[in-house]
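Protein chains in written order, with our numbering: chain A, 1 to 273; chain B, 1001 to 1305.
Remarks on the structure that follows.
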């Protein structure tokens, strides 16, 4: 696998889009969290009566969760990059050439999946250090309280990346694949929201607590593991919201990952390339 | 000893039979041409033996072994179009191929020189002309000095000098003892370069064997000689030729005549005969029974596209 990854690195290092996206994402992660950090510190806390809702998202007890949640909004960037890299192979027909030259189909798809894993890992490491930095910046005592959310972030990143791999294998054409990826993500979010609203309605009308069913969809399962930390305003609405069954969302997120993995592999191994 | 043996290979795309029960073997150290019109299934065939297409049925093996990626590492292949990363230069593209093959990294400079791309080795692939792309693809096949080379339309996009160079390269590789499998729709190319040929049409193997055997099958037709002939007075020429011993038929072709005659008739005899009959020839050309004639006999005259 090391040899295969070294070959992927040759493909990456000269790819200008990779460099741009990597820088943009790294800067983006810090910038995005900095915006949340300063808005909260300088604006929210200065509103008259803010004492009632006093809350610091980047205190060490919240920073792991806040950073993971906020970064989730630009997590589409690494998965888009992954998709570009993969569909480029189809565009240039280098997926064929790599196999003609002596990669097995299994090796080819395995290294792409490994890349999805590495991208998720690197994003997670970035989130870890960003959270650490803002934790210290907020002047609180170091703590790993809530660091599990960084692990959830990894799961979410991996889910996005594996969807990118799957869509690349199934659709092949760069423009079409990225288009479908955006539309699918948007559509799933809308459906998820509708389902969740329905769950609230059911709970209010006849007391049945179904949980948030919209969170059980393929991309929303890992999404739902990350939410903005509990705060006074959020707590006000808790009574009317259905219960978050984290273990169901977590199990489903793992299950979907397995499905994405097996589906992309199966398709690449048996298709005409 | 055969390098490649193909057994009843078929490939269907829904109702279309791209390959229908194709079987043949490629003897070692030959230049084996796969000849067929556009869309006849040549690239499909090569795609299957390179594992980028899945056969519907049938099997193949290389050197008697089942095909694996390890076997492919020792074969240099150019399939259909030059496939490279557009944003990378020639050197880096070849580095990827060499790394995949697990050999040939030290050959990069050498192969770039063979195809005259060394000076442009740092240029991005996307800046290359079609002919340069094709030459880079050929360079890539030479990495690691493989014993078997597979070329799909190797002279595609090349200028006349480039075509001659590549044909010479193929012959030279063959003289070094390498086996070359080459798909082409250009008859002239196959005739000039190949030792063996398989003719394929609409996915069906029509015939295969040595170029000699395919071109000159035993039988009556093979012993005929065709001569193109012309003189100022075509009518008189036709009359006297019809009377010449050994001439079987005389047909008009624009300003000239085409005669089909017995193998024993030579150009010299025809010239002498006509002169003695008072006709001075302004054209006299013996047409070897070419692959083209034979190809059309085998495949029919209609384009199959």
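Backbone N, C-alpha and C fix where the C-beta goes; we use that ideal spot for every residue, glycine too.
Exercise. Taking 8 angstroms as the CB-CB limit, is residue 96 (chain A) close to chain B?
Worked result: Indexing the first chain from 1 puts residue 96 (chain A) at position 96. So yes, residue 96 (chain A) belongs to the interface.
Problem set entry | Cut-off 6 angstroms between Cβ atoms - residues of its own chain near residue 140 (chain A), not counting five sequence neighbours on either side | Reading the first chain from its first residue, position 140 is the one you call residue 140 (chain A). Once the five neighbours on either side are set aside, the close Cβ partners of residue 140 (chain A) are 59, 60.
Problem set entry | Whole-Å CB distance - residue 1052 (chain B) paired with residue 96 (chain A), under 8 angstroms assumed | Position 52 of the second chain, counted from the first residue, corresponds to residue 1052 (chain B). Position 96 of the first chain, counted from the first residue, corresponds to residue 96 (chain A). Contact holds; Cβ gap of about 5 angstroms.
Exercise. CB-CB under 7 angstroms to residue 1028 (chain B), same chain, minus the five flanking residues each way: which ones, in chain order?
Worked result: Position 28 of the second chain, counted from the start, is the residue given in the question as residue 1028 (chain B). So the list reads 1001, 1002, 1003, 1179, once near-sequence residues are dropped.
Exercise. Where do the ends of the beta strand (DSSP E) carrying residue 1195 (chain B) lie?
Worked result: Translated into the one-based positions of the second chain, residue 1195 (chain B) becomes position 195. Per DSSP, residue 1195 (chain B) belongs to no beta strand (DSSP E) and is neither H nor E.
Problem set entry | Near-chain A residues of the region 1118–1145 of chain B (beta-carbon distance less than 7 angstroms), N- to C-terminal order | none
Problem set entry | chain A residues whose Cβ lies nearer than 9 angstroms to that of residue 1107 (chain B) | As a working note, residue 1107 (chain B) is residue 107 in the second chain. Within 9 angstroms Cβ-Cβ: nothing; residue 1107 (chain B) doesn't reach chain A, min ~14 angstroms.
For this session: Helix, strand or coil for residue 42 (chain A), going by three-state DSSP, please let me know.
Result: As a first step, residue 42 (chain A) must be located in the first chain, where it is residue number 42. Note: residue 42 (chain A) maps to helix in three-state DSSP.
For this session: Could you check which residue in A:74, A:266, A:261 has the C-alpha nearest to that of residue 27 (chain A)?
Result: Residue 27 (chain A) sits at position 27 when you count from the first residue of the first chain. It is A:74.
Problem set entry | Beta carbon of residue 1294 (chain B) nearer than 8 angstroms to that of residue 7 (chain A) | Start at 1 with the first residue of the second chain, and residue 1294 (chain B) comes out as number 294. Start at 1 with the first residue of the first chain, and residue 7 (chain A) comes out as number 7. Going by C-beta atoms, residue 1294 (chain B) is not nearer than 8 angstroms to residue 7 (chain A).
Exercise. Between the region 77–109 of chain A and chain B, which residues of the former have CB atoms less than 9 angstroms from a CB of the latter, in chain order?
Worked result: 88, 89, 91, 92, 93, 94, 95, 96, 97, 98, 99, 100, 101, 102, 103, 104, 105, 106, 107
For this session: For residue 1082 (chain B), I'd like the list of residues in its chain whose CB is within less than 7 angstroms of its CB, leaving aside the five on either flank, ordered along the chain.
Result: Along the second chain, one-based indexing puts residue 1082 (chain B) at 82. Taken in chain order, the residues that qualify are 1133, 1134, 1136, 1137.
For this session: Can you say whether residue 109 (chain A) is buried or exposed, counting buried as having 16 or more other CB atoms within 10 angstroms of its CB?
Result: Residue mapping note: residue 109 (chain A) aligns to position 109 of the first chain, counting from 1. Buried, since its Cβ has 16 or more Cβ neighbours within 10 Å.
Exercise. Who does residue 1027 (chain B) pair with in a DSSP beta bridge?
Worked result: Taking the first residue of the second chain as position 1, residue 1027 (chain B) is located at position 27. DSSP, once it has assigned bridges, lists B:1002 as partnering residue 1027 (chain B).
Exercise. Within 8 angstroms (strictly less), CB to CB, does residue 11 (chain A) reach chain B?
Worked result: In the first chain, the residue the question calls residue 11 (chain A) occupies position 11. So yes, residue 11 (chain A) belongs to the interface.
For this session: Step through the CB atoms of chain A and report whether any lies within less than 8 angstroms of the CB of residue 1053 (chain B).
Result: Taking the first residue of the second chain as 1, we reach residue 1053 (chain B) at position 53. Judged by the 8 angstroms Cβ criterion, residue 1053 (chain B) is in contact with chain A.
Exercise. What separation, rounded to the nearest whole angstrom, lies between the Cα atoms of residue 284 (chain A) and residue 1287 (chain B)?
Worked result: Any question about residue 284 (chain A) goes unanswered here, given that chain A covers just 1 to 273.
Problem set entry | Continuous beta strand (DSSP E) assignments of at least 3 residues falling wholly in the region 1129–1167 of chain B | The region 1129–1167 of chain B contains these whole beta strand (DSSP E) runs: 1148–1152.
Exercise. So who's on the other strand from residue 1283 (chain B), going by DSSP bridges?
Worked result: Position 283 of the second chain, counted from the start, is the residue given in the question as residue 1283 (chain B). According to DSSP, which records beta bridges pairwise, residue 1283 (chain B) is partnered with B:1230.
Exercise. For the region 1072–1087 of chain B, which residues have a CB atom closer than 7 angstroms to at least one CB atom of chain A, in sequence order?
Worked result: Hits within the stretch, in order: 1072, 1073, 1077, 1079, 1081, 1083, 1084, 1085, 1086, 1087.
Problem set entry | Continuous beta strand (DSSP E) stretch holding residue 1205 (chain B): start and end | Your numbering for residue 1205 (chain B) matches position 205 in the second chain. Segment 1204–1210, the beta strand (DSSP E) holding residue 1205 (chain B).
Exercise. Between the Cα of residue 161 (chain A) and the Cα atoms of A:131, A:193, A:219, which residue gives the shortest distance?
Worked result: If you number the first chain from 1, residue 161 (chain A) lands on position 161. Out of A:131, A:193, A:219, A:219 has the C-alpha closest to the C-alpha of residue 161 (chain A).
Problem set entry | Straight-line Cα distance separating residue 261 (chain A) from residue 1105 (chain B) | The residue labelled residue 1105 (chain B) in the question sits at position 105 within the second chain. The residue labelled residue 261 (chain A) in the question sits at position 261 within the first chain. Distance between the alpha carbons of residue 1105 (chain B) and residue 261 (chain A) is about 33 angstroms.
Exercise. For residue 270 (chain A), which residues in chain B fall below 9 angstroms Cβ to Cβ?
Worked result: Taking the first residue of the first chain as 1, we reach residue 270 (chain A) at position 270. Simply 1054.
Exercise. Which value, in whole angstroms, describes the spacing of the CA atoms of residue 1187 (chain B) and residue 1198 (chain B)?
Worked result: If you number the second chain from 1, residue 1187 (chain B) lands on position 187. If you number the second chain from 1, residue 1198 (chain B) lands on position 198. Rounded to whole angstroms, residue 1187 (chain B) to residue 1198 (chain B) spans 12 angstroms at the Cα level.
For this session: For residue 178 (chain A), collect the residues of the same chain with a Cβ closer than 7 angstroms to its Cβ; drop the 5 residues on either side in sequence, then sort them by chain order.
Result: Here residue 178 (chain A) refers to the residue found at position 178 of the first chain. The answer, listed in chain order, is 80, 83.
For this session: Would you mind stating whether residue 174 (chain A) and residue 94 (chain A) have Cβ atoms separated by less than 8 angstroms?
Result: Position 174 of the first chain holds residue 174 (chain A). Position 94 of the first chain holds residue 94 (chain A). Contact flag unset, no.
Exercise. Which two residues bound the contiguous beta strand (DSSP E) that contains residue 954 (chain B)?
Worked result: Nothing in the structure corresponds to residue 954 (chain B), since chain B is present only between 1001 and 1305.
Problem set entry | Option nearest residue 1131 (chain B) by Cα separation, candidates B:1107, B:1251, B:1156, B:1145 | Locating residue 1131 (chain B) in the second chain gives position 131, where the first residue counts as 1. Minimum Cα-Cα distance from residue 1131 (chain B) among the listed residues B:1107, B:1251, B:1156, B:1145 corresponds to B:1156.
For this session: Indicate whether residue 1101 (chain B) and residue 1144 (chain B) have their beta-carbon atoms separated by less than 8 angstroms.
Result: Taking the first residue of the second chain as position 1, residue 1101 (chain B) is located at position 101. Taking the first residue of the second chain as position 1, residue 1144 (chain B) is located at position 144. Yes, the pair counts as a contact, with Cβ atoms nearer than the cut-off.
For this session: Give a yes or no on whether the C-beta atoms belonging to residue 1031 (chain B) and residue 1006 (chain B) are separated by under 8 angstroms.
Result: The count along the second chain starts at 1 and reaches residue 1031 (chain B) at position 31. The count along the second chain starts at 1 and reaches residue 1006 (chain B) at position 6. The answer is no: Cβ separation not under 8 angstroms.
Exercise. Looking only at C-alpha atoms, which of B:1012, B:1092, B:1037, B:1164 sits nearest to residue 1298 (chain B)?
Worked result: By one-based count along the second chain, residue 1298 (chain B) stands at place 298. Of the listed residues, the one whose Cα sits closest to residue 1298 (chain B) is B:1037.
Problem set entry | Cross-chain neighbours of residue 1101 (chain B) in chain A, by beta carbon under 7 angstroms | As a position in the second chain, residue 1101 (chain B) is number 101, starting the count at 1. Per Cβ cutoff of 7 angstroms: 101, 102.
For this session: Would you give the residue range spanned by the alpha helix (DSSP H) that residue 219 (chain A) belongs to?
Result: Sequence index remark: in the first chain, residue 219 (chain A) carries index 219 (1-based). It spans 218–223 - the alpha helix (DSSP H) in which residue 219 (chain A) sits, taken as one unbroken run.
Problem set entry | Closest Cα partner of residue 170 (chain A) within the set A:271, A:255, A:192, A:249 | As a first step, residue 170 (chain A) must be located in the first chain, where it is residue number 170. The residue with the shortest Cα to Cα distance from residue 170 (chain A) is A:271.
For this session: Output, in sequence order along the chain, the residues in the region 1240–1270 of chain B whose CB is closer than 8 angstroms to any CB in chain A.
Result: none
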